[in-house]
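Report on the structure given below.
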Amino acid sequence: MPAACHLSLYKKYGIYLKNKYNIPCIYDRCSYPGIQCKYNMDIMNSNANNSTYLSDGIIEKNKTIIKNKKELICSILKRKTKQKFLSENQKKYYDTLSGNQITICSGPAGVGKSYIAMKCAVDLLSDPATPYEKIIIVRPAVEAEEKLGSLPGGVQEKLDPYIFPSYYLLNKIIGKDVREKLKEIEVIEVFALAYMRGMNIDNSILIFEEAQNSTPSQMKLLLTRIGFNSKFFISGDLEQFDRHKDKTHTGLWDALQKFQNMGDVGVFEFKPEDVVRNPLISQILKRYEE
């Protein structure tokens, strides 16, 4: 995060943390040894929004004490999402996500794969008893049988069109303002699959959608990024692949076959009869199967 963002975030929310290098900043990954933000002392001496720096990363904001990043997250996500499921299998899928480190799911459009995964991620993130401090969103950068050409901007801007469906779901679940606030303090992040080699993901919930457009080697790369206190939610529709000639060549198919009956890995499959969106979707899917 650029130095200027430290100051703007502090002025906006009046909250900062003290990282392990003893440098006050918004988020403990912002500063590293040898790289010191010139705004840090300005932030430390500032008193915007009636916030007071106490000690050891403890913040007093309008008489509310925020001791660490998890408490900051819980102060933004004040309550869990509504326990509303449109089918019995949605509830079973939610329980599978909650009970495993890795969950791999396949199913047709309209069954609620993405919604339930995002809902579960938000619930786990907002629970003070869990170790999760981040939601990471990953999707293969593959168009649906169209080529849009080179997109403008940096990596984040190039990924935005692919990630938009996930942002749309988050807006429905927690609201756009909360989603943008969490994104601003890097609690919600977007990663490019192409640049994940060498990463180790701890204390996070990673959501990987459209997994049918990944290759087996990409799936292996992704799955081996899991660190401590993390969950990976992987889902896709094996009938809607855009880069393979056959679904058996996809990373999703390969993972579903490899990880049946493996501890801490849940495998879940939705059927066409589980569709909960417009009933017309079920009829459309049946015609395509004929």
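End of the sequence shown sits at 291 in my numbering; the numbers just go up one at a time, nothing left out.
Beta carbons: idealized from backbone N, C-alpha and C, even for Gly.
Remember, predicted model here, so these are calculated numbers, not experimental data.
When DSSP states are grouped into helix, strand and coil, Leu-78 belongs to the coil group. Between Ile-282 and Gly-111 the beta-carbon gap is near 4 Å, inside 8 Å, which marks them as a contact. Counting only unbroken stretches of 3 or more residues, the beta strand (DSSP E) elements lying wholly within the segment 68-124 are 103-107, in sequence order. Nearest neighbour of Asn-204 by Cα position, chosen from Leu-253, Phe-229 and Gly-267, turns out to be Phe-229. A straight line joining the alpha-carbon of Lys-232 with that of Thr-249 spans about 25 Å. Around the C-beta of Arg-198, fewer than 16 other C-beta atoms lie within 10 Å, and the residue is accordingly described as exposed. Between Ser-88 and the set Pro-109, Gly-113 and Ser-76, the nearest pair of CA atoms involves Gly-113.
Fewer than three Cβ pairs drawn from the segment 120-133 and the segment 253-265 lie within less than 8 Å of each other, which leaves the two stretches out of contact. Straight-line spacing of the CA atoms in Phe-165 and Ile-208 works out to 14 Å. Unbroken alpha helix (DSSP H) runs of no fewer than 4 residues, entirely contained in the segment 182-258, are found at 217-224, following chain order.
In terms of Cβ geometry, Leu-223 and Ser-107 do not form a close pair [threshold 8 Å]. Among the bridge pairs identified by DSSP, Val-276 is matched with none. According to the DSSP secondary-structure assignment, Gly-267 is paired through a beta bridge with Thr-104. Counting along the chain, Tyr-289 sits inside the alpha helix (DSSP H) bounded by residues 281-290.
Cα atoms of Lys-81 and Ala-122: separation of roughly 10 Å, rounded to the nearest angstrom.
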